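Asks: Got a structure for you, written out below as structure tokens; questions coming shortly.
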Amino acid sequence: GRNCLRHPLPPGVLRASAEPSPLPGWRPESVMAASKPVEAAAGGGGGGGGTGLSRWQLALVLGAPILLGAGAVYLWGRRAARRGGKGASERKTPEGRASPGPCGGGGSGGQPDGPSHEEMSPLDRAQAAKNKGNKYFKAGKYEQAIQCYTEAISLCPPEKNLDLSTFYQNRAAAYEQLQKWTEVAQDCTKAVELNPKYVKALFRRAKAHEKLDNKKECLEDVTAVCILEAFQNQQSMLLADKVLKLLGKEKAKEKYKNREPLMPSPQFIKSYFSSFTDDIISQPLLKGEKSDEDKDKEGEASEVKENSGYLRAKQYMEEENYDKIISESTKEIEAKGKYMAEALLLRATFYLLIGNANAAKPDLDQVISMEDANVKLRANALIKRGSMYMQQQQPVLSTQDFNMAADIDPQNADVYHHRGQLKILLDQIEEAVEDFDECIRLRSDSALAQAQKCFALYRQAYTGNNPLPVQVAMKGFEDVIKKFPKCAEGYALYAQALTDQQQFGKADEMYDKCIDLEPDNATTYVHKGLLQLQWKQDLDKGLELISKAIEIDNKCDFAYETMGTIEVQRGNLDKAIEMFNKAINLAKSEMEMAHLYSLCDAAYAQTEVAKKYGLKPPTL
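Residue numbers for the sequence shown follow full-length UniProt numbering, so the first one is 1 and each next one is one higher.
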């Protein structure tokens with residue numbers, strides 16, 4: 001999950017979205033090629049079961065409401081919902097006894113000892129009509145039930161708000177059985193106007209709004225229900241989850257296609273490319289290829305430089321002038337220059353970095369089809385396309401691309417490194433370890449592969465509750481950071497494992513090591529901030545570190561998203577919405593954007609519920 005990813009990774013494999021993650025409990029980062037540490041959180045939401053601090057674990061630690069990351073479900077009552085809650089049968093029946101008696105007759109079915117119709121008060125007669133309606137309802141005679149409830153409404157004294165609200169709600173229940181959704185919503189509205197905290201009416205209206213495709217109204221109603229029921233009812237939790245996913249997808253689909261491409265931060269880009277060892281396009285320029293070396297020279301090298309958009313793009317890359325790379329690569333491609341294959345791959349890579357997978361795919365396809373091209377270019381294109389497929393939740397196509405890359409370039413360590421991470425995402429730990437071993441065999445200096453192999457073995461042991469293998473894995477982390485003291489990822493993954501083991505102080509030290517090695521990596525500050533919340537419940541320190549992350553990298557969507565989540569818990573909903581919107585504008589994939597919209601919509605729904613009903617979940 002993202003909670004284990006210290007690096008902000010480019011678009012490609014997976015990010016939690018409105019769809020379920022392939023492995024329960026995962027919050028995978030948005031990656032182009034699964035390039036930095038990824039992990040599975042054990043148990044999918046149990047306190048302390050995952051590494052680091054996932055969204056739902058944060059809720060459990062702080063004892064306050066929070067929004068679920070994967071799918072943006074409300075997690076305030078996640079544990080309570082698992083304990084059960086009201087069943088569907090409790091939602092279907094009208095309120096009140098189903099005693100016999102005509103709509104206008106005696107409330108006890110005309111029993112001789114009861115009062116006569118003339119002697120009954122208007123409220124008694126209304127109750128009798130309701131009771132008769134209940135009898136018809138239970139018999140499946142919904143039209144007759146509606147007639148009785150209508151009579152009860154007309155007979156009931158107008159000052160009897162609670163009784164009237166019950167009659168309207170009961171009539172709505174009968175309309176619901178006839179699938180007359182507009183009438184259901186109208187009667188529930190009357191019931192709620194008379195009794196603003198009427199859970200049955202609110203939930204029934206939410207379901208009617210769902211049928212009428214009024215998603216916003218549905219979300220507001222079900223949010224009110226969740227709060228009123230203290231998140232004890234799984235039905236309302238599931239409906240909230242469902243409508244948030246639908247809203248997120250709907251909004252992201254429209255927004256993402258019209259978004260302006262945004263280049264990630266230099267640290268983000270460097271972190272991505274550092275995960276490859278056999279990527280030709282990220283290798284430094286050779287002597288004689290740089291323009292400052294060629295200014296006063298004649299000959300082939302200078303001529304190539306003058307006419308090569310690709311080499312100019314490479315120089316811009318070394319200068320971290322990333323905004324010019326796509327245009328210079330395009331010049332090489334249009335000229336059908338010497339470096340056309342390299343230019344296609346470089347352009348595709350940066351299309352993916354800015355979140356434009358649709359533009360990247362044709363370039364990747366073309367490189368892969370170039371049988372005369374350098375095999376390492378083709379293998380790299382397959383890795384990136386395979387990662388893109390995984391991000392689009394097409395694991396079969398993804399696996400095919402990784403396997404093809406291994407077939408055409410079996411000595412390419414990158415193939416096994418990235419395929420190993422894919423296998424972790426698919427919960428195929430043993431196969432992942434085999435791939436990491438092959439990567440290490442080919443590149444014994446691959447610190448990333450060694451750290452990730454160790455982490456995969458750790459997760460397998462931890463989720464299987466096997467203490468001895470856990471100890472072996474923890475020792476493995478010590479060996480990795482000793483052997484590769486400059487590998488920040490080793491410290492980061494070790495910190496996640498230490499957090500699992502409640503060794504918070506040592507985990508904090510590992511994050512400090514990461515910061516010493518890469519002070520410009522904003523994501524590390526976010527994870528360290530979350531650790532303060534879990535370890536010391538130190539909200540101020542946590543927010544200070546997350547604010548520092550934003551100061552370091554104002555394009556760090558993870559920081560904005562985390563800040564928004566915490567602000568929800570603090571009850572600062574307007575601030576939370578502001579943070580989520582900033583994260584939305586930085587989203588690197590449509591699925592990522594859908595997830596963020598779900599969070600934002602959930603926070604907005606709470607503001608509306610607070611205004612209408614004065615309802616707020618508990619806050620920090």
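For every residue, glycine included, the Cβ atom is placed at its ideal position computed from N, Cα and C.
A quick note: this is a predicted structure, and the numbers were derived from the prediction, not measured.
1. Shortest alpha-carbon distance to residue 574 belongs to which of 514, 233, 599?
2. Using only alpha-carbon positions, find the residue among 583, 351, 342 that is nearest to residue 380.
3. I think residue 328 touches residue 355, with their Cβ atoms under 8 Å apart; what is that distance to the nearest whole Å?
4. Going by DSSP, what residue range makes up the alpha helix (DSSP H) through residue 328?
5. Pairs of beta-carbons, one from the region 128-148 and one from the region 156-175, closer than 8 Å: are there three or more?
6. What residue from 95, 609, 155, 139 has the CA that sits closest to residue 120's CA?
7. Of the residues 544, 221, 249, which one's Cα is nearest the Cα of residue 237?
8. Could you tell me whether the Cβ atoms of residue 561 and residue 594 are closer together than 8 Å?
9. Am I right that residue 203 and residue 184 are in contact with their C-beta atoms under 8 Å? What's the rounded C-beta distance?
10. What would DSSP say about residue 354, mapped onto helix, strand or coil?
11. Return the CA-CA distance between residue 650 and residue 565, expressed in angstroms with no decimal places.
12. Any contact between the region 333-347 and the region 362-372? By contact I mean 3 or more CB pairs, one from each, below 8 Å.
13. Spatial neighbours of residue 518 within its chain, please: C-beta separation below 6 Å, excluding the five flanking residues on both sides.
14. Using a Cβ-Cβ cutoff of less than 6 Å, which residues in the same chain neighbour residue 273 once the five nearest sequence positions on both sides are dropped?
15. Nearest by alpha-carbon distance to residue 436: which of 443, 420, 428, 427 is it?
16. Could you tell me which of 140, 160, 158, 199 sits nearest to residue 613, measuring between CA atoms?
17. Can you tell which of 374, 385, 375 has its C-alpha closest to the C-alpha of residue 363?
18. What residue does the alpha helix (DSSP H) around residue 435 start on, and which one ends it?
19. Helix, strand or coil: how does DSSP classify residue 143 here?
20. The alpha helix (DSSP H) spanning residue 522 covers which residue range?
21. Relative to the C-alpha of residue 577, which residue among 558, 495, 601 is closest?
22. With the cut-off set at 8 Å, would you say residue 609 and residue 166 are in Cβ contact?
23. Which word fits residue 179, buried or exposed, when buried means at least 16 other C-beta atoms lie within 10 angstroms of its C-beta?
24. Candidates 512, 463, 141, 449: which alpha carbon is nearest residue 484's?
25. Specify the secondary structure class of residue 165 as computed by DSSP and reduced to three states.
26. Answer yes or no: does any C-beta atom of chain D fall closer than 8 Å to that of residue 286?
27. Per the contact definition of three or more C-beta pairs closer than 8 Å, is the region 476-483 in contact with the region 493-500?
28. On the three-state DSSP scale, how would you describe residue 606?
29. What residue range is occupied by the uninterrupted alpha helix (DSSP H) comprising residue 500?
30. Cα separation between residue 432 and residue 506?
31. Just to confirm the assignment, what range does the alpha helix (DSSP H) spanning residue 587 have?
32. Do residue 549 and residue 526 have their beta-carbon atoms positioned less than 8 Å apart in this structure?
33. Does residue 464 come out as helix, strand or coil in the three-state DSSP assignment?
34. Tell me whether residue 339 sits in a helix, a strand or coil according to DSSP, three-state version.
35. So, at 6 Å on beta carbons, what are the nonlocal neighbours of residue 227 in its own chain, with the 5 sequence-adjacent residues on each side left out?
36. At the level of alpha carbons, what is the spacing between residue 269 and residue 541?
Replies: Per the coordinate set shown:
1. Of the candidates 514, 233, 599, the residue whose Cα lies closest to the Cα of residue 574 is 599.
2. 342
3. Going by Cβ atoms, the distance from residue 328 to residue 355 rounds to 20 Å, so no, they are not a contact pair.
4. Residue 328 -> alpha helix (DSSP H) spans 325-334.
5. Yes: the two stretches touch, three or more of their Cβ pairs being nearer than 8 Å.
6. Ranking the options by Cα distance to residue 120, first place goes to 155.
7. 221
8. Not closer than 8 Å, so no.
9. Rounded, the Cβ-Cβ distance is 11 Å, inconsistent with contact.
10. coil
11. Outside the displayed span of the chain (1 to 620) sits residue 650, for which this structure offers no information.
12. Flag = yes, the region 333-347 and the region 362-372 touch.
13. These residues qualify, in order along the chain: 488.
14. 282
15. 420
16. 199
17. The shortest Cα separation from residue 363 among 374, 385, 375 belongs to 385.
18. Where residue 435 is concerned, the enclosing alpha helix (DSSP H) stretches over 429-442.
19. Helix at residue 143.
20. 522-536
21. 601
22. No, these two residues do not count as a Cβ contact at 8 Å.
23. Classification of residue 179: exposed, given that the 10 Å Cβ count is below 16.
24. 449
25. helix
26. Here there is only one protein chain, and chain D is not present.
27. Yes, they touch.
28. helix
29. Counting along the chain, the alpha helix (DSSP H) containing residue 500 begins and ends at 488-500.
30. 28 Å
31. From DSSP, residue 587 is part of no alpha helix (DSSP H); its letter is neither H nor E.
32. yes
33. coil
34. coil
35. 615, 617
36. Whole-angstrom Cα-Cα distance: 28 Å.
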